[in-house]
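To start, the structure under review is shown below, and the notes come after it.
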Amino acid sequence: MAKKKKPTTVTADAVPASESEVKKAQEADEDEDGSDDDASEIELLQVDVGDVVKLKQILDETVAGAFLDKCFLTEDHTLDNMKLSIMALACTFAMVAQFAPLPFPDSRPVLGGCCAAYFILSGLLQLVTTFWDKDCIMITKPVEKAKNTKNVDIEKYGLRIRTSLPRFSEFYTVIIEFQKKYADGENRPFVKATWSVGHFFDVEGMFDEFGLENEIEELYQRFESGKFDNPKDYFHDKLSILQLMGLSNGPVPTPSSSKDKKEQ
Numbered sequence: 000m001a002k003k004k005k006p007t008t009v010t011a012d013a014v015p016a017s018e019s020e021v022k023k024a025q026e027a028d029e030d031e032d033g034s035d036d037d038a039s040e041i042e043l044l045q046v047d048v049g050d051v052v053k054l055k056q057i058l059d060e061t062v063a064g065a066f067l068d069k070c071f072l073t074e075d076h077t078l079d080n081m082k083l084s085i086m087a088l089a090c091t092f093a094m095v096a097q098f099a100p101l102p103f104p105d106s107r108p109v110l111g112g113c114c115a116a117y118f119i120l121s122g123l124l125q126l127v128t129t130f131w132d133k134d135c136i137m138i139t140k141p142v143e144k145a146k147n148t149k150n151v152d153i154e155k156y157g158l159r160i161r162t163s164l165p166r167f168s169e170f171y172t173v174i175i176e177f178q179k180k181y182a183d184g185e186n187r188p189f190v191k192a193t194w195s196v197g198h199f200f201d202v203e204g205m206f207d208e209f210g211l212e213n214e215i216e217e218l219y220q221r222f223e224s225g226k227f228d229n230p231k232d233y234f235h236d237k238l239s240i241l242q243l244m245g246l247s248n249g250p251v252p253t254p255s256s257s258k259d260k261k262e263q
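With numbering that gives the first Met the number 0, the residue at position 22 of the sequence shown is 21, and numbering never jumps.
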């Protein structure tokens, strides 16, 4: 009768790690700890609240970023490309006037023509910015597929994002509307929200970027669902640009006045 063999177990002694492996492991742990600290810390942007131009620039950039990152819209650069083309053509005339290989007495017609073309193109660019661009900070492309069937026009037309921060005022207004031509007297679907800049900035100028992004996301969801504001509360482009330039003596829109109009 054959004898059963006893099971044998083989144990291996732990091999000591080399110094390079230990250093790599320590560096990996430090990197993980540093990434956790960076994720937990949020850097806030500090702005001089007395600088109204810089204040509006920060607000406009945050609003545009919220539509791109939070609302997942695509920006339409057609108008921007047109303005860049006009200015590039004006710069071309300026370069010809500066570097044309002609002696001065003979180059007078060329210099005169180039200077005239430069000033005409610069004036055209200013007209486009004042009467076409106006208070618009961003134009988007139509949405590929609307989430809500009540607002099907969002698939046909892009959105026009307008902002306003009048001089000597603390109220910042954002308006969302369609980028299309309207006949006189035709109602324009839009949504509007007005906040005090103190809602996003503290006394020291610390900027609550995420708070503004959340407000813009809620405003866009209201527009996407077709819950438009009262057409009587619509501010015309001409009035808004005059308020931006400080040439309008009319009342500045406030959140309280907007609510009172809706209740009436």
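From the three backbone atoms N, C-alpha and C, an ideal C-beta is built for every residue, glycine too.
#1: K82 and L120 - do their beta-carbons sit closer together than 8 Å?
#2: Does DSSP classify K69 as helix, strand or coil?
#3: What distance in whole Å lies between the Cβ atoms of L72 and L211, which are believed to be in contact at a cut-off of 8 Å?
#4: Counting only the same chain and skipping the five closest in sequence on each side, list residues whose C-beta sits under 6 Å from that of I153.
#5: Since W194 sits in a beta bridge, which residues does DSSP pair it with?
#6: Could you give the DSSP three-state label for V251: helix, strand or coil?
#7: Quick check on the DSSP output: what are the complete alpha helix (DSSP H) runs of length 4 or more inside the stretch 103 to 180, in order along the chain?
#8: Which residue from E217, F170 and E169 puts its Cα closest to that of V190?
#9: Counting only the same chain and skipping the five closest in sequence on each side, list residues whose C-beta sits under 7 Å from that of F222.
#10: Drop a sphere of 10 angstroms on the beta-carbon of D35, count the other beta-carbons inside from all chains shown, and report buried for 16 or more, exposed for fewer.
#11: Rounded to the nearest angstrom, how far is the Cβ of V196 from that of E214, given a contact under 8 Å?
#12: Does the beta-carbon of P165 have 16 or more other beta-carbons within 10 angstroms, so that it is buried, or is it exposed?
#13: I'd like to confirm the pairing. Which residues does DSSP put opposite E74 in its beta bridges?
#14: Please report the distance separating the alpha-carbon of T162 from that of P108.
#15: Can you tell me which residues form a DSSP beta bridge with F209?
#16: Express the C-alpha separation of K55 and D208 in angstroms, rounding to a whole number.
#17: Starting from the C-beta of M86, find all residues in its chain whose C-beta is less than 7 Å away, skip the five residues before and the five after it, and write them out in chain order.
#18: May I have the straight-line CA-CA distance separating A115 from D228, to the nearest angstrom?
#19: Would you decide whether V151 is buried or exposed? Buried here means 16 or more other CB atoms lie within 10 Å of its CB.
#20: In the DSSP assignment, what residue or residues form a beta bridge with L44?
In brief:
#1: Locating residue 120 in the sequence shown gives position 121, counting from the first residue. Locating residue 82 in the sequence shown gives position 83, counting from the first residue. The answer is no: Cβ separation not under 8 Å.
#2: As a first step, residue 69 is located in the sequence shown; it is residue number 70 there, counting from the start. In the structure shown, K69 sits in coil (DSSP, three-state: anything other than H, G, I, E or B).
#3: Your numbering for residue 211 matches position 212 in the sequence shown. Your numbering for residue 72 matches position 73 in the sequence shown. Contact doesn't hold; Cβ gap of about 16 Å is too wide.
#4: As a first step, residue 153 must be located in the sequence shown, where it is residue number 154. Answer for I153: V142 and A145, listed in chain order.
#5: Taking the sequence shown and counting its residues from 1, the one referred to as residue 194 is at position 195. W194 is bridged to Y171.
#6: Here residue 251 refers to the residue found at position 252 when the sequence shown is read from its first residue. Confidence at V251 is low in this model, with a pLDDT of 47, below 50, so the placement of that residue is unreliable and no value is reported for it.
#7: 107 to 126
#8: Against the sequence shown, residue 190 aligns to sequence position 191. When each option's Cα is compared against that of V190, the closest is E217.
#9: Taking the first residue of the sequence shown as 1, we reach residue 222 at position 223. Correct list, in chain order: I175 and V190.
#10: Locating residue 35 in the sequence shown gives position 36, where the first residue counts as 1. Bear in mind that a pLDDT of 48 at D35, under 50, signals an unreliable position, so the model cannot answer this.
#11: Along the sequence shown, one-based indexing puts residue 196 at 197. Along the sequence shown, one-based indexing puts residue 214 at 215. In fact, because the Cβ distance is near 13 Å, the residues do not count as touching under 8 Å.
#12: Within the sequence shown, the letter at position 166 stands for residue 165. Looking at its Cβ environment, which holds 16 or more other Cβ atoms inside 10 Å, P165 is buried.
#13: Translated into the one-based positions of the sequence shown, residue 74 becomes position 75. Bridge partners of E74: T139.
#14: Position 163 of the sequence shown, counted from the start, is the residue given in the question as residue 162. Position 109 of the sequence shown, counted from the start, is the residue given in the question as residue 108. One C-alpha to the other measures close to 45 Å.
#15: Taking the first residue of the sequence shown as 1, we reach residue 209 at position 210. F209 pairs with nothing; no bridge assigned.
#16: Start at 1 with the first residue of the sequence shown, and residue 208 comes out as number 209. Start at 1 with the first residue of the sequence shown, and residue 55 comes out as number 56. Before going on, a small fix: residue 208 reads as Glu here, not Asp. Taking the straight line joining both Cα atoms gives about 13 Å.
#17: What you label residue 86 is simply residue 87 of the sequence shown in a count that begins at 1. Taken in chain order, the residues that qualify are L124.
#18: Translated into the one-based positions of the sequence shown, residue 115 becomes position 116. Translated into the one-based positions of the sequence shown, residue 228 becomes position 229. Distance between the alpha carbons of A115 and D228 is about 47 Å.
#19: In the sequence shown, the residue the question calls residue 151 occupies position 152. Flag for V151 reads exposed.
#20: Here residue 44 corresponds to residue number 45 of the sequence shown, with the count starting at 1. Its beta-bridge partners are F206.
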